[in-house]
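Participant:
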Amino acid sequence: MKKGLTLIELMVAVAVMSIGILGLVGSFRYLNLGIHTAKGRSLANNLAQEKIELLKNRSYYRVLATTATLEDANFSPSLRYDAAPNGVETVDVGGINFERRVYIRKVAEATGGGLSYLDWDDPDPGLKEILVYVVWREGGTWKKIELRNLRENPDRISLSAAFSGNVKSSGVDLEGATVKTQENPARAGVTGAVGNYSFAVEPGSYTLVASKTGYFSGTSPLLSVAANNTVTRDFVLTRMSSGTITGTVYVKDHLVISQVVGSSSNVSGQSQEWVEVHNPTTWTWTMASGLGTGANELVYFTYKEAAETQLVPDLDYRGVSLPPGAYFLFANTGTITAAGIVRSADAVYSSDGIWGNIDDVIKTGNPSSAGYVALRAAPAAQVLDKIGWNATGNTNALKTLAEDYEGAPIAQTVGFEVNEAYTRKTSAAGVSDGNGRCYDSNNNNDDFEGTVPLARAPRNSTVTEPCQSGTPGAGAIVFADDGLSTPVTAGAAGTFSLASVATGYWTVYASSGLAYSSVAYYGGTTDGYTASIGVVTLSTAATFGYASGRVATLANAPLDDILIHSAMAVQNVRTDSQGNYLLPILPSTAAVYANYQTDNSLYIEASSGNVVTALGQLTKNLDFALSEGGKLSGWVTTNGADALPDIPVIAFKGGVSQKEGVSGSDGYFEITRLSTGTYLVEPQLDTGESASPSTFTVTLTAGASLFVGTFTVSGAMGYISGTVSAGGAPVTTGVLVYATTTTITSGPPAINSALRDGVNVYYAVSSNAAGVYSLPVRGGYTYNIYAWYTSWSGETPSTARREYTGVAVSAGQTATRNFSW
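One rule links them: number in our numbering = place in the sequence shown (from 1) + 35.
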């Protein structure tokens, strides 16, 4: 008898093999995923290294600091990178789409060690940080590689000098005062417990500014400090006089129910009921989309008796608008007669389509049931306001408590009675005729008075009463634009006490984050004053925050009518007669500029650096001390006729780089926001380039726009660039490119001492992973260009050459030649 497999054994064997194969397939899946991930990271790292080396090989001054940024929210925190002047590169390597980004910033040694970041338009400290990002998408997830490197100016001046001194006020040492150089705010020190400061600087000439919140700033004359020396400068600051301002904040951002009557007999014995609404806001509300029967209800009310179905009256509208301070009367009859007054309803119940219908919607009686009325806005049935009341004496336990209310329901034993009115208070103290029924602490039991019989007649749209209260602005931020006081938070009743408000004329602001307002106020003239500002009403929707500060000369004289700007500002503003400003800014992180675009040509433009502004909040003490200043300009050419673009030109003062400009496509450059004084202006050239003249020395006066002259650059560099491809696709493995003034007959010559010492000129570069090359060459020459591409067949290499001859390259220009195989 032959041995074999039973059917069951065969099925078991097949199942085991299937499981093994599936496991193997799964293993290969994860192995393949791991290989793909490693490949992406390896390629990204190579791309980042390549970019770092390219930037490091440039002249220091041609590594341009980022002037405009973009943010990528696909990463946390958001990735910030260069939008200008370096831009973004897209590279496709190995079937993966990479994006290569840079972020280049000026940096300086921070006091106490480490680095501090400067704005792109700050004086150049001779040190730049290069940050390269390579980002790509892998399996639905964003990935990134980042590399950092520092690029140092080989001619950089070290921090071999220093300033030191003491800061006092009224003979007392001031701790926490800041002393900085006006020319480079990154050079600064902070006083310690005994008022002393010290910090290092480059040798040169500086103006020192000492400042501390609550004190007027102090400014030194121009001080010169040499290498290996310390200059001592003391300051005496004058304390600002101040006092305290008190008041109450109210929010007026919604309609309120101002009176409810569930049953009241008129002279004809009809049972009248109504819901009265008041508009405490500063804008007009549209109550319905049309007049009469069938009008679409935009604002309406609903009634809910405890343990019963909600009732939604159908309404006919006689009026559709509710102006600021006015009332709107919903009623079950066209005319209401109560408390000796006759009022026409603005909207009438219309369940049967008849004007004057007297339906009983809001239940009253003895004992009555608990219930509530809600004021709603269509179409999402948003609740604008509500009022609820109890009926604790009702024998039906389900009818005793209101099902909805604000804070606490109106405390009632018998419930809502016939001829009873719930009337909203005009303030926390009660109801005062002539003032709007608008006090809303979000607690029904505190906000309404219940009277039997009703004593206060209803109001309709013909009646307007100003709202002297509203919803207490608990938690609102209150601040003044004096630059001295610190913002405070309003208490539960909306009251506030703002201390240390400087003497003088100021504006007090209050913001809930959703609404804001401001009140002009004179803060008094004597130190220690106390004054009440009364009511501050928040009635304007807030969409921004604020920045405040003061602009003065170096001698601390206030500068009025100085233009203040931010890219995220709601609007630009100007300083007042005391140099103060308050700038509304959208929530963001952005720089604030004083004397934007040198609007006042007598002074420089100054930047605060990035400032964080939150919705409804104040960022204070953004002060500026502006020196007198002007602008330098000039032209860069190769031959007196042709423009030479992209040449950095630096203005030096006292041996310290102040600002730079870059020649445009027309060859012209501008260096703006320079303080007055004597400057050495010098173009920054690559090896092999020279300028005639090499420098200009000029004296800049306040408000001047000075043309320094023309730089004629000889031996100026140009570029040969292009793409390399094989079979229509970019070559990602690298192609060797030579440019020379002679002829190459075979393979690329070896770069050795003989080649370097020869009379012929050679330039060489390899294409990058994107299949692109860029070769800097001396301009004004004609070149032959050669490219070698090596491909492989198994283990056998094959190299093919392509060439262009007679390629003329002008200084500052780019000649494009593409190679393909």
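Cβ atoms here follow ideal geometry from the backbone N, Cα and C, with glycine treated the same way.
Everything numeric in this text was worked out from a predicted model, so none of it was measured.
How about residue 169 and residue 82: do their beta carbons lie closer than 8 angstroms?
Facilitator: As a first step, residue 169 is located in the sequence shown; it is residue number 134 there, counting from the start. As a first step, residue 82 is located in the sequence shown; it is residue number 47 there, counting from the start. Yes.
Participant: What do you get for residue 792, buried or exposed, if any count of 16 or more other CB atoms within 10 angstroms of its CB means buried?
Facilitator: Indexing the sequence shown from 1 puts residue 792 at position 757. The residue is exposed, with fewer than 16 neighbouring Cβ atoms inside 10 Å.
Participant: Can you give the Cα-Cα distance for residue 724 and residue 521, rounded to whole angstroms?
Facilitator: Within the sequence shown, numbered from 1, the residue matching residue 724 stands at position 689. Within the sequence shown, numbered from 1, the residue matching residue 521 stands at position 486. Whole-angstrom Cα-Cα distance: 57 angstroms.
Participant: Helix, strand or coil: which one does DSSP assign to residue 87?
Facilitator: For this step, residue 87 is matched to residue 52 along the sequence shown. The answer is helix: DSSP assigns residue 87 an H, G or I state.
Participant: Can you tell me the Cβ-Cβ gap for residue 664 and residue 711, rounded? I've got them flagged as a contact below 8 angstroms.
Facilitator: For the purposes of this step, residue 664 is taken as residue 629 along the sequence shown, with counting starting at 1. For the purposes of this step, residue 711 is taken as residue 676 along the sequence shown, with counting starting at 1. Between residue 711 and residue 664 the Cβ distance is about 6 angstroms, and since that is below 8 angstroms, they are a contact.
Participant: With a CB to CB cut of under 7 angstroms and the five nearest residues on each side skipped, what residues in its chain are close to residue 75?
Facilitator: Counting from 1 along the sequence shown, the entry for residue 75 is found at position 40. Contacts found: 131, 171, 173 and 178.
Participant: Among residues of its own chain, excluding the 5 on either side of residue 596, which ones have a beta-carbon nearer than 6 angstroms to its beta-carbon?
Facilitator: Taking the first residue of the sequence shown as position 1, residue 596 is located at position 561. These residues qualify, in order along the chain: 609.
Participant: Between which two residues does the alpha helix (DSSP H) holding residue 481 run?
Facilitator: For the purposes of this step, residue 481 is taken as the residue at position 446 of the sequence shown. Note, residue 481: alpha helix (DSSP H), 479-482.
Participant: Applying the criterion that 16 or more other CB atoms from any shown protein chain within 10 Å of the CB defines a buried residue, is residue 56 buried or exposed?
Facilitator: Counting from 1 along the sequence shown, the entry for residue 56 is found at position 21. Low per-residue confidence applies at residue 56: pLDDT is 45, beneath 50, and the placement is therefore not dependable enough to give any value.
Participant: Is the CB-CB distance between residue 758 and residue 697 below 8 angstroms?
Facilitator: Position 723 of the sequence shown, counted from the first residue, corresponds to residue 758. Position 662 of the sequence shown, counted from the first residue, corresponds to residue 697. No, they are not a contact pair.
Participant: Using DSSP's beta-bridge definition, name the partner residues of residue 757.
Facilitator: In the sequence shown, the residue the question calls residue 757 occupies position 722. Residue 757 pairs with 808.
Participant: Can you give me the start and stop residues for the beta strand (DSSP E) that residue 749 sits inside?
Facilitator: As a first step, residue 749 must be located in the sequence shown, where it is residue number 714. Segment 740-749, the beta strand (DSSP E) holding residue 749.
Participant: Name the DSSP beta bridge partners of residue 752, please?
Facilitator: Looking up residue 752 in the sequence shown gives position 717. The partner list for residue 752 (beta bridge, DSSP) reads 813.
Participant: Kindly confirm or deny that the region 349-356 and the region 307-326 touch, where touching means at least three C-beta pairs closer than 8 angstroms.
Facilitator: At 8 angstroms Cβ cutoff, the stretches touch.
Participant: Would you kindly work out how many angstroms separate the C-alpha atoms of residue 215 and residue 127, rounded to a whole number?
Facilitator: Counting from 1 along the sequence shown, the entry for residue 215 is found at position 180. Counting from 1 along the sequence shown, the entry for residue 127 is found at position 92. Cα to Cα, residue 215 sits roughly 48 angstroms from residue 127.
Participant: Just list the residues that DSSP pairs residue 201 with in beta bridges.
Facilitator: Numbered from 1 along the sequence shown, position 166 holds the residue referred to as residue 201. Residue 201 pairs with 231.
Participant: Using a 10 Å radius around the Cβ and a threshold of 16 neighbouring Cβ atoms, would you call residue 529 buried or exposed?
Facilitator: For the purposes of this step, residue 529 is taken as the residue at position 494 of the sequence shown. By the 10 Å Cβ count, residue 529 comes out buried.
Participant: Spatial neighbours of residue 654 within its chain, please: C-beta separation below 6 angstroms, excluding the five flanking residues on both sides.
Facilitator: As a first step, residue 654 must be located in the sequence shown, where it is residue number 619. Counting only Cβ-Cβ distances below 6 angstroms, and skipping sequence neighbours, we find 582, 646 and 648.
Participant: Please classify residue 819: does DSSP put it in a helix, a strand, or coil?
Facilitator: On the sequence shown, position 784 is the one that residue 819 refers to. Looking at residue 819 - three-state DSSP - the assignment turns out to be strand.
Participant: Measure how close the beta-carbons of residue 290 and residue 410 come, nearest whole angstrom, since I'm counting them as under 8 angstroms.
Facilitator: The residue labelled residue 290 in the question sits at position 255 within the sequence shown. The residue labelled residue 410 in the question sits at position 375 within the sequence shown. At roughly 6 angstroms, the Cβ-Cβ gap stays under 8 angstroms, so residue 290 and residue 410 are in contact.
Participant: Which residue comes first and which comes last in the beta strand (DSSP E) that contains residue 382?
Facilitator: Residue numbering aside, residue 382 sits at position 347 when the sequence shown is read from its first letter. Taken as a continuous stretch (DSSP letters only), the beta strand (DSSP E) holding residue 382 covers 382-384.
Participant: What's the C-alpha gap between residue 634 and residue 715?
Facilitator: Against the sequence shown, residue 634 aligns to sequence position 599. Against the sequence shown, residue 715 aligns to sequence position 680. Their backbone Cα atoms lie some 25 angstroms apart in a straight line.
Participant: Does the pairing of the region 764-780 with the region 737-751 give three or more beta-carbon distances under 8 angstroms?
Facilitator: The region 764-780 vs the region 737-751: no contact.
Participant: Three-state secondary structure (DSSP) at residue 163?
Facilitator: Within the sequence shown, numbered from 1, the residue matching residue 163 stands at position 128. Correct three-state label for residue 163: strand.
Participant: Could you tell me the alpha carbon to alpha carbon distance between residue 632 and residue 122, rounded to whole angstroms?
Facilitator: Position 597 of the sequence shown, counting from 1, holds the residue named residue 632. Position 87 of the sequence shown, counting from 1, holds the residue named residue 122. Residue 632 and residue 122: Cα-Cα distance of roughly 24 angstroms.
Participant: Excluding sequence positions up to five away, which residues of its chain have a Cβ less than 6 angstroms from the Cβ of residue 857?
Facilitator: Examination of residue 857 is not possible in this model, given that the chain is present from 36 through 856 alone.
Participant: What is the rounded straight-line gap between the Cα of residue 760 and the Cα of residue 854?
Facilitator: If you number the sequence shown from 1, residue 760 lands on position 725. If you number the sequence shown from 1, residue 854 lands on position 819. Approximately 6 angstroms, taken between the alpha carbons.
Participant: As an exercise, report each continuous beta strand (DSSP E) stretch of at least 3 residues that is fully enclosed by the region 658-682, in chain order.
Facilitator: Runs found: 659-661 and 664-672.
Participant: Which class does residue 631 belong to by DSSP, given the choice of helix, strand or coil?
Facilitator: Stepping through the sequence shown from its first residue, residue 631 is reached at position 596. Here residue 631 sits in helix by DSSP.
Participant: I'd like the list of long-range same chain contacts for residue 71, defined as Cβ closer than 7 angstroms, with 5 residues on each side in sequence excluded.
Facilitator: The residue you call residue 71 lines up with position 36 of the sequence shown. Note that residue 71 scores a pLDDT of 49, beneath 50, so its modelled location is shaky; the value from the coordinates is reported in the next line. Correct list: empty, nothing qualifies.
Participant: Closest to residue 556 by C-alpha separation, out of 540, 599 and 112, would be which residue?
Facilitator: The residue labelled residue 556 in the question sits at position 521 within the sequence shown. Residue 556 has its Cα closest to that of 540, out of 540, 599 and 112.
Participant: Looking at C-alpha atoms only, which residue of 561, 93, 650 and 437 is the closest neighbour of residue 605?
Facilitator: Stepping through the sequence shown from its first residue, residue 605 is reached at position 570. Measuring from the Cα of residue 605, the nearest candidate turns out to be 650.
Participant: DSSP three-state label for residue 792, please.
Facilitator: Translated into the one-based positions of the sequence shown, residue 792 becomes position 757. It is helical.
Participant: State the DSSP-derived secondary structure class of residue 404, mapped to helix, strand or coil.
Facilitator: As a working mapping, residue 404 is identified with position 369 in the sequence shown. It is coil, neither helix nor strand.
Participant: Would you kindly check if the distance between the Cβ of residue 615 and the Cβ of residue 661 is under 8 angstroms?
Facilitator: Walking along the sequence shown from the start, residue 661 turns up at place 626. Walking along the sequence shown from the start, residue 615 turns up at place 580. Taking 8 angstroms as the Cβ cut-off, residue 661 and residue 615 do not qualify as a contacting pair.
Participant: Using beta-carbon positions only, say whether residue 366 and residue 383 come within less than 8 angstroms of one another.
Facilitator: Here residue 366 corresponds to residue number 331 of the sequence shown, with the count starting at 1. Here residue 383 corresponds to residue number 348 of the sequence shown, with the count starting at 1. Yes; because the gap between Cβ atoms is below 8 angstroms, this pair is in contact.
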